[in-house]
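Heads up: the sequence shown runs through residues 6 to 693, numbered per our numbering. Idealized CB from N, CA, C, for every residue including glycine. No experiment lies behind these values; they were computed from the predicted model shown. Comments concern the structure below.
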Amino acid sequence: MRLPVWVIGVHAAILAMAACLLVLDRALPPDMGRGTEMSVVVTDSGGRALRVFPVEDGRWRLAADIDRIDPAFIAALIEVEDQRFYDHAGVDPLAVVRATFTSARAGRVVSGASTLTMQTARLLEPRPRNLGSKVVESWRALQLERRLTKDEILELYLSLTPYGGNLEGIRAASWAYFGREPERLTAEQIALLIALPQSPEVRRPDLRPEHARTSRAAILTRLAEADLLTETRAEEAASEPLPSRADFPAEAWHAAEEARRRAPGVTEIRTSIDGGLQAELEALARAEAEEAGTDVQVAILVVETESRAVRAAVGSASRGRQGGWIDLTDRARSPGSTLKPFIYALAFDDGFAAAGTRMADVPRAFSAYQPENFDRTFRGDVTVAEALQHSLNVPAVLALDAVGARRFAASLDFAGAHGRIADSGEDEAGLAIALGGVGLTVREVATLYAALGDGGSARPLSWLEDRSDVDADAPAQALMTPETADEIVSILRRAPHPGGRMPAELSRGAPRIAFKTGTSWGFRDAWAAGTGDGFTVVVWVGRPDGTPRPGVTGREGALPILFDVFDRARRYAPETDTGWGRAETPDVHAPPAPLRRFGDSLPPEIVFPPDGSEVWANEEGRPLVLAGRGAGRLSWFVDGTPAALNGAGDPVWLPPQRGFYTIAAVDDQGRTATARVRIRTSADGPAR
Numbered sequence: 006m007r008l009p010v011w012v013i014g015v016h017a018a019i020l021a022m023a024a025c026l027l028v029l030d031r032a033l034p035p036d037m038g039r040g041t042e043m044s045v046v047v048t049d050s051g052g053r054a055l056r057v058f059p060v061e062d063g064r065w066r067l068a069a070d071i072d073r074i075d076p077a078f079i080a081a082l083i084e085v086e087d088q089r090f091y092d093h094a095g096v097d098p099l100a101v102v103r104a105t106f107t108s109a110r111a112g113r114v115v116s117g118a119s120t121l122t123m124q125t126a127r128l129l130e131p132r133p134r135n136l137g138s139k140v141v142e143s144w145r146a147l148q149l150e151r152r153l154t155k156d157e158i159l160e161l162y163l164s165l166t167p168y169g170g171n172l173e174g175i176r177a178a179s180w181a182y183f184g185r186e187p188e189r190l191t192a193e194q195i196a197l198l199i200a201l202p203q204s205p206e207v208r209r210p211d212l213r214p215e216h217a218r219t220s221r222a223a224i225l226t227r228l229a230e231a232d233l234l235t236e237t238r239a240e241e242a243a244s245e246p247l248p249s250r251a252d253f254p255a256e257a258w259h260a261a262e263e264a265r266r267r268a269p270g271v272t273e274i275r276t277s278i279d280g281g282l283q284a285e286l287e288a289l290a291r292a293e294a295e296e297a298g299t300d301v302q303v304a305i306l307v308v309e310t311e312s313r314a315v316r317a318a319v320g321s322a323s324r325g326r327q328g329g330w331i332d333l334t335d336r337a338r339s340p341g342s343t344l345k346p347f348i349y350a351l352a353f354d355d356g357f358a359a360a361g362t363r364m365a366d367v368p369r370a371f372s373a374y375q376p377e378n379f380d381r382t383f384r385g386d387v388t389v390a391e392a393l394q395h396s397l398n399v400p401a402v403l404a405l406d407a408v409g410a411r412r413f414a415a416s417l418d419f420a421g422a423h424g425r426i427a428d429s430g431e432d433e434a435g436l437a438i439a440l441g442g443v444g445l446t447v448r449e450v451a452t453l454y455a456a457l458g459d460g461g462s463a464r465p466l467s468w469l470e471d472r473s474d475v476d477a478d479a480p481a482q483a484l485m486t487p488e489t490a491d492e493i494v495s496i497l498r499r500a501p502h503p504g505g506r507m508p509a510e511l512s513r514g515a516p517r518i519a520f521k522t523g524t525s526w527g528f529r530d531a532w533a534a535g536t537g538d539g540f541t542v543v544v545w546v547g548r549p550d551g552t553p554r555p556g557v558t559g560r561e562g563a564l565p566i567l568f569d570v571f572d573r574a575r576r577y578a579p580e581t582d583t584g585w586g587r588a589e590t591p592d593v594h595a596p597p598a599p600l601r602r603f604g605d606s607l608p609p610e611i612v613f614p615p616d617g618s619e620v621w622a623n624e625e626g627r628p629l630v631l632a633g634r635g636a637g638r639l640s641w642f643v644d645g646t647p648a649a650l651n652g653a654g655d656p657v658w659l660p661p662q663r664g665f666y667t668i669a670a671v672d673d674q675g676r677t678a679t680a681r682v683r684i685r686t687s688a689d690g691p692a693r
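Right, dumping it as structure tokens:
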């Protein structure tokens, strides 16, 4: 039986219309751009918000998650805005008929027929409010229903709906007015959050409290009529005070910026930062900076040594101080003497020295470079351990000269500390690295000291809780052997503690810290770096513009802060053994014979009579016994004439008369020490 022509025509028209709609749907999809541009929320390791970043024009627009919104709010929203939300396909015909009938009877628009889906379409593509826009919104609503689930449409609506000013979405409004996420809301809060989007600017509680109170009461009455609240509870909620506008979280300012950089495109970023420790250290940095001076800044980095997770990062003491907007943990500065432990570590691994190896701390020139100690004095024969504990410069440069400045710089680079060194063809010029002649950041110094505290293995720092910002499969770089790391740690633990601090060995429960300080040339930077009790800490104090702070050293300006940071960090440490995991290195013992002296032996030194002294001649004619020290047997001369030897083989000299004489002592290598002395007799008057 053949179908009538008109039936075939109707079917053909329907198919053609469906095909056109399908083509139109694919050719002109809804613009989802605004629905994908969300504020970034950075949280600490426990999920507490640290900082929220606005989107364009400074708007706060946080992505909504229906599973993290109070179900009572969702039920109330659907009751007020779109009771058939889960039943229609984007446009509600019954609502259209009802709105048309009531408006026609009243002679004006009484109620609208916009569904939540249509409102979402309008939020995605704002248009003037007219009949043509309604048609477009209806079409877009149908398109959205084809592409998204009901929950996804709700989340999109609750992310974009305006709440007055620069607030968009329920989460932004909840933070601004209640200071928290909308996971649990009271009746008055639910009513306010439903009333505000209906007329955002008119009903703002911070600007127009009377309108806000009236509209909130109307919503509460409607919820009571729908049996979502009791009348008594609605009346109580209506009498509650209105909230004021609060600031969005802005803690861990620089750390949050670093986390956002490491997780591009992610709107919910959970960092490894411990929020409690971060807050304490921000307060500590502010207090220390205020005490140090108006233009002084403090930067602090705390790393969990085993995992390399950054637990606290203070980029500056305050953004209100000079240079405060700069993340000073990521600015290269001269590290002073903080690199000396790693110079000796390389010398230990190369077999050049050990902790007990003796070195000459005496004036010495390396081509055109002549280092001197901070206090401009020299201590003669010292062990490597003593040289490191007291930060002597000449022994460190001697060790670096043996290791090789370029090789040392390369080892730092492989470990993740990419030093900024002026290019030079002379290796001697690079010897200044030992005294801070290289630019390193606080983060890079922390990478080195974390390796020192972890058996010499260097790995990158991680800022995200899931460690997605580092390559988990990348092998660790061996900066030094575990044995050397233990030996360096043992030396640094016994370094002189800051004033008012008792060494850990003498105080039960005190942090066992291996630490080193550093002061850059001209007192521009004060550093303290340490590792122990499961943490690695680096502190930098200085002026952001690099101007000097005369007389302020790392020991005075940064080391006390370092110990305060360790005190606070220990309170946030997990309940695990934070010991070193390896046996404590014993006190420095005598090294094997080949390592008992580093490099050249000390030149000879005259002990008696000392240079510049006045000596009274013995009236009984007994000679003076000359005394000195040096390599091997010393040969003695007085005004060029060899001194005699007594029966015991000691050099002796009997001055023939009063006057000035030059005494010389020469060692087996031909090195000479001289002393100019004056011999006095009774003819010069009584001895004083």
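- Put simply, of 651, 445 and 641 the residue whose alpha carbon is nearest the alpha carbon of residue 676 is 641.
- Inter-residue distance for residue 249 and residue 200 is about 16 angstroms (C-alpha atoms, whole angstroms).
- Note on residue 545: 16 or more other CB atoms within 10 angstroms of its CB, so buried under the neighbour-count rule.
- Out of 623, 320 and 632, the CA that lies nearest to the CA of residue 615 is found in 632.
- In the same chain as residue 613, and ignoring 5 residues on each side of it, the C-beta atoms closer than 6 angstroms to its own belong to 632, in chain order.
- Under the 10 Å beta carbon count, residue 142 is surrounded by 16 or more other beta carbons and is classified as buried.
- Here residue 677 carries a strand assignment [DSSP, helix/strand/coil].
- The C-beta of residue 522 has 16 or more other C-beta atoms within 10 Å across all chains shown, which makes the residue buried.
- One alpha carbon belongs to residue 181, the other to residue 252, and they sit about 6 angstroms apart.
- DSSP places residue 538 outside both helix and strand once states are collapsed to three, so it counts as coil.
- When DSSP states are grouped into helix, strand and coil, residue 528 belongs to the helix group.
- For residue 273, the enclosing beta strand (DSSP E) has its first and last residue at 273-275.
- Residue 364 is bridged by DSSP to 387.
- Between residue 81 and residue 176, the gap from beta carbon to beta carbon reaches 8 angstroms or more.
- A straight-line Cα-Cα distance of about 16 angstroms links residue 495 and residue 354.
- Under DSSP, residue 668 takes part in a beta bridge, and its partners are 643 and 680.
- In this structure, the alpha-carbon of residue 575 lies about 16 angstroms from that of residue 458.
- The residue among 563, 356, 400 and 78 with its C-alpha nearest the C-alpha of residue 385 is 400.
- Bounds of the alpha helix (DSSP H) holding residue 225 are 214-230.
- Between the alpha carbons of residue 285 and residue 65 lies a gap of roughly 27 angstroms.
- In this structure, DSSP gives residue 160 a helical state, which the three-state scheme calls helix.
- For residue 308, the enclosing beta strand (DSSP E) covers residues 302-309.
- Pairing residue 281 with residue 260, the inter-Cα distance amounts to about 14 angstroms.
- Between the region 202-222 and the region 257-274, the count of Cβ pairs shorter than 8 angstroms is below three; the stretches do not touch.
- Exclusion of the five residues before and after residue 635 leaves 609 and 672 as the residues of its chain whose Cβ lies within less than 6 angstroms of its Cβ.
- Residue range 447-457 is occupied by the alpha helix (DSSP H) that includes residue 448.
- With a 10 Å radius around the Cβ and a threshold of 16 neighbouring Cβ atoms, residue 447 comes out buried.
- One Cα belongs to residue 135, the other to residue 152, and the distance between them is close to 26 angstroms.
- By the beta-carbon neighbour count (other beta carbons within 10 angstroms, threshold 16), residue 391 is buried.
- With a contact defined as Cβ atoms closer than 8 angstroms, residue 224 and residue 196 qualify at about 4 angstroms.
- Shown here, residue 206 sits in coil according to DSSP, grouped into three states, outside any helix or strand.
- In the three-state reduction of the DSSP assignment, residue 130 falls in the coil class.
- Excluding five sequence positions before and after residue 263, the CB atoms of its chain that fall closer than 8 angstroms to its own CB belong to 318, 332, 335 and 468, given in chain order.
- Residues of the same chain with a CB within less than 7 angstroms of the CB of residue 53, apart from the 5 flanking positions on each side, are 280 in chain order.
- Shortest Cα-Cα distance from residue 637 to any of 664, 292 and 607 involves 607.
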